[in-house]
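J.: Add 248 to the 1-based position in the sequence shown for my numbering, that's all there is to it.
From the three backbone atoms N, C-alpha and C, an ideal C-beta is built for every residue, glycine too.
Following this message is one structure expressed as structure tokens.
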Amino acid sequence: MSDAPILQADPKASYLAQKDAIDAAIAGMLGNGRYVLGPEVKAFEEEFARYIGCKHGIGVASGTEALVLALLALDLKPDDYVATVSHTAVATVAAIELAGAKPLLIDIDPATCTIDAAEFARALANPPGRIAAVIPVHLYGLAADLDAILPLARQHGVRVIEDCAQCHGALLHGKKLGSFGDLSAFSFYPTKNLGAIGDGGGVVTNDDALKDRINELREYGWRERYISRIKGMNSRLDELQAAILRVKLPVLDAANGRRQAIAAIYDKGLADTGFALPARRADATHVFHQYVLRTKDRDSLQAALKEAGVGTNIHYPVPVHRQPAYEGRIAMGPRGLGESERAAREVLSLPMYPELTDDQATRTVAAVRKITGR
Ligand SMILES: Cc1ncc(COP(=O)(O)O)c(C=O)c1O
Numbered sequence: 249m250s251d252a253p254i255l256q257a258d259p260k261a262s263y264l265a266q267k268d269a270i271d272a273a274i275a276g277m278l279g280n281g282r283y284v285l286g287p288e289v290k291a292f293e294e295e296f297a298r299y300i301g302c303k304h305g306i307g308v309a310s311g312t313e314a315l316v317l318a319l320l321a322l323d324l325k326p327d328d329y330v331a332t333v334s335h336t337a338v339a340t341v342a343a344i345e346l347a348g349a350k351p352l353l354i355d356i357d358p359a360t361c362t363i364d365a366a367e368f369a370r371a372l373a374n375p376p377g378r379i380a381a382v383i384p385v386h387l388y389g390l391a392a393d394l395d396a397i398l399p400l401a402r403q404h405g406v407r408v409i410e411d412c413a414q415c416h417g418a419l420l421h422g423k424k425l426g427s428f429g430d431l432s433a434f435s436f437y438p439t440k441n442l443g444a445i446g447d448g449g450g451v452v453t454n455d456d457a458l459k460d461r462i463n464e465l466r467e468y469g470w471r472e473r474y475i476s477r478i479k480g481m482n483s484r485l486d487e488l489q490a491a492i493l494r495v496k497l498p499v500l501d502a503a504n505g506r507r508q509a510i511a512a513i514y515d516k517g518l519a520d521t522g523f524a525l526p527a528r529r530a531d532a533t534h535v536f537h538q539y540v541l542r543t544k545d546r547d548s549l550q551a552a553l554k555e556a557g558v559g560t561n562i563h564y565p566v567p568v569h570r571q572p573a574y575e576g577r578i579a580m581g582p583r584g585l586g587e588s589e590r591a592a593r594e595v596l597s598l599p600m601y602p603e604l605t606d607d608q609a610t611r612t613v614a615a616v617r618k619i620t621g622r
């Protein structure tokens, strides 16, 4: 049994686990002579779309830009609101403003830390303006309440963009997350369940027209080279990242299985401690992008774990509406954002990545129990 420090995330371990295949893919791609939007990107787009169960995949430069492009494709008006949560990566909310719309922040269901559908319904009944779209975030690897959100959105003519940055491979009713919305945005940041070795992102959709529009928007508005049919940007996925993602996609389910096995060690080891442990849903799989427990003593527990050599993280310490760039100027749902603020004070992400060993997970449990005396 080693007592070396335990990292909270370790993207290098994921490279080393497939070093030979990744090195070979990079060598092959370098030899191709196409470095941006070439054959590797095209193949990855097809393979990823097939994996998610959607007709089209579009490789882009990051998860943030996947959201921006998805929003731009919907042709929102400047006064349109896009509903989402405050307890998320700031990118979700930043993307709404980057696309020229206004965020409307809805509180979360404390059990899952995802959008509270009842509060979304109240916001729809009493909107600050036209709510044109909603971005449910499948936070930590578990589905948001799409069973309630999708019919509400349909009823009110609201488009749905799933934020799938943390849920690659997760299922709801046996279908992959990312296949439910009008469009879905993925991040391939290195620590994600499907991670590149640099920035990368993807949009998936079943809609041919939206696919065409995103293809144009991501490259200067071109359909035909050098002719900008619409205003566009540069948000292309490069061949290097696509080649690496093509090596990793076939082992994504196995990697998620390993995350679930680590979560089972945490669940069992912490069951009688009284901490709030991650929620499960009978109709959904949890792919544990993060294993997040909740406790009022979060800060002291985190500091003591650090002393004991166990790395943790907080996803996220400051809700978006409390961040300096947003505070005091963002619309929120009728009942405010109390649960989002409470979550920011209480959540703690334990070490979680597929290469974490059973021994490291068991040591983490032992350290938590020793520190808290539970
Ligand atoms: C929920 C969520 N949305 C969006 C993003 C943005 O992705 P990226 O970092 O690839 O821009 C992330 C990742 O940071 C995320 O976790």
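Short of 8 Å in beta carbon distance, which residues of its chain neighbour residue 443, apart from the five on each side in sequence? Order them along the chain.
T.: Excluding sequence neighbours, residue 443 sits near 259, 262, 436, 437 and 496.
J.: For residue 356, write down the residues that DSSP places opposite it in a beta bridge.
T.: BP columns for residue 356 point to 363.
J.: Can you tell me the Cα-Cα spacing of residue 634 and residue 555, whole angstroms?
T.: Within the shown structure, residues of the chain are numbered from 249 to 622, placing residue 634 beyond reach of any answer.
J.: Quick check: residue 585 and residue 563, are their CB atoms within less than 7 Å of each other?
T.: The answer is no: Cβ separation not under 7 Å.
J.: With a threshold of 16 other CB atoms inside 10 Å of the CB of residue 541, please say whether the residue is buried or exposed.
T.: Buried.
J.: Would you give the residue range spanned by the beta strand (DSSP E) that residue 542 belongs to?
T.: Here the beta strand (DSSP E) through residue 542 covers 539-542.
J.: Taking all protein chains shown into account, do 16 or more other C-beta atoms lie within 10 angstroms of the C-beta of residue 373, making it buried, or fewer, making it exposed?
T.: The residue in question, residue 373, is exposed, as its Cβ has fewer than 16 Cβ neighbours within 10 Å.
J.: Rounding to the nearest angstrom, what Cα-Cα distance links residue 587 and residue 416 in this structure?
T.: Rounded to the nearest angstrom, the two C-alpha atoms are 26 Å apart.
J.: Is it the case that the CB of residue 414 approaches a heavy atom of ligand 1 more closely than 6 Å?
T.: Yes, the Cβ of residue 414 comes within 6 Å of a heavy atom of ligand 1.
J.: Cβ atoms of residue 490 and residue 292: under 7 Å apart, would you say?
T.: Against a cut-off of 7 Å, the Cβ pair of residue 490 and residue 292 comes out as a contact.
J.: Note the first and the last residue of the continuous beta strand (DSSP E) segment covering residue 338.
T.: Taken as a continuous stretch (DSSP letters only), residue 338 belongs to no beta strand (DSSP E), being part of the alpha helix (DSSP H) at 338-346.
J.: Helix, strand or coil for residue 378, going by three-state DSSP, please let me know.
T.: The answer is coil: DSSP assigns residue 378 none of H, G, I, E or B.
J.: If you compare alpha carbons, which of 483, 559, 431 and 460 is closest to residue 448?
T.: That would be 483, whose Cα lies nearest to the Cα of residue 448.
J.: Quick test of your reading: residue 538 and residue 338, contact by CB under 8 Å. State the CB separation rounded to the nearest angstrom.
T.: 16 Å between Cβ atoms; not a contact.
J.: Counting pairs of Cβ atoms below 8 Å between the segment 285-304 and the segment 452-472, do you hit three or more?
T.: Cβ pair count under 8 Å is three or more, so yes.
J.: Tell whether a beta-carbon distance below 7 Å holds between residue 487 and residue 282.
T.: Yes, Cβ-Cβ distance for residue 487 and residue 282 is below 7 Å.
J.: Using the Cβ count rule (16 or more neighbours within 10 Å means buried), how would you classify residue 464?
T.: Counting Cβ neighbours within 10 Å, residue 464 comes out buried, since at least 16 surround it.
J.: How about residue 352 and residue 381: are their beta carbons less than 7 Å apart?
T.: Result no, Cβ atoms of residue 352 and residue 381 do not sit closer than 7 Å.
J.: Between the segment 344-360 and the segment 499-507, are three or more C-beta pairs nearer than 8 Å?
T.: Touching, no.
J.: Out of curiosity, what's the CA-to-CA distance linking residue 485 and residue 294?
T.: Going from the Cα of residue 485 to the Cα of residue 294 covers about 14 Å.
J.: List the whole-angstrom C-beta distance separating residue 383 from residue 340, where the pair is believed to meet the contact cut-off of C-beta under 8 Å.
T.: Rounded, the Cβ-Cβ distance is 6 Å, consistent with contact.
J.: Taking 6 Å as the cut-off, is the beta-carbon of residue 310 closer than that to any non-hydrogen atom of ligand 1?
T.: Yes, ligand 1 has a heavy atom inside 6 Å of this Cβ.
J.: Using 8 Å as the cut-off, can you tell me whether the segment 525-538 makes contact with the segment 315-322, which would need three or more C-beta pairs spanning the two stretches below that distance?
T.: The segment 525-538, when compared against the segment 315-322, does not touch it at the 8 Å Cβ threshold.
J.: Using the three-state DSSP reduction, which class does residue 432 fall into: helix, strand or coil?
T.: Of the three classes helix, strand and coil, the one that applies to residue 432 here is strand, per DSSP.
J.: Which partner residues does residue 453 have in the DSSP bridge list?
T.: DSSP, once it has assigned bridges, lists 304 as partnering residue 453.
J.: From which residue to which residue does the beta strand (DSSP E) around residue 472 run?
T.: Taken as a continuous stretch (DSSP letters only), the beta strand (DSSP E) holding residue 472 covers 470-472.
J.: Name the one or two DSSP bridge partners that residue 524 has.
T.: 542.
J.: How would you label residue 280, buried or exposed, when you count the other beta carbons within 10 angstroms and need 16 or more for buried?
T.: Exposed.
J.: For residue 340, verify whether its CB is less than 6 Å away from any heavy atom of ligand 1.
T.: Yes.
J.: Please work out which residues of its chain come closer than 7 Å, Cβ to Cβ, to residue 369, disregarding the five sequence neighbours upstream and downstream, and give them in chain order.
T.: Excluding residues within five positions, the ones whose Cβ falls inside 7 Å are 400.
J.: Considering residue 487, what are the terminal residues of the alpha helix (DSSP H) in which it resides?
T.: Its alpha helix (DSSP H) spans residues 487-496.
J.: Below 7 Å between beta carbons: does that hold for residue 257 and residue 439?
T.: Contact flag set, yes.
J.: Return yes when the C-beta of residue 435 is under 6 Å from any heavy atom of ligand 1, and no when it is not.
T.: Yes, the Cβ of residue 435 comes within 6 Å of a heavy atom of ligand 1.
J.: Taking the continuous alpha helix (DSSP H) assigned at residue 248, which residues delimit it?
T.: This structure gives no information on residue 248, because the portion of the chain shown stretches from 249 to 622.
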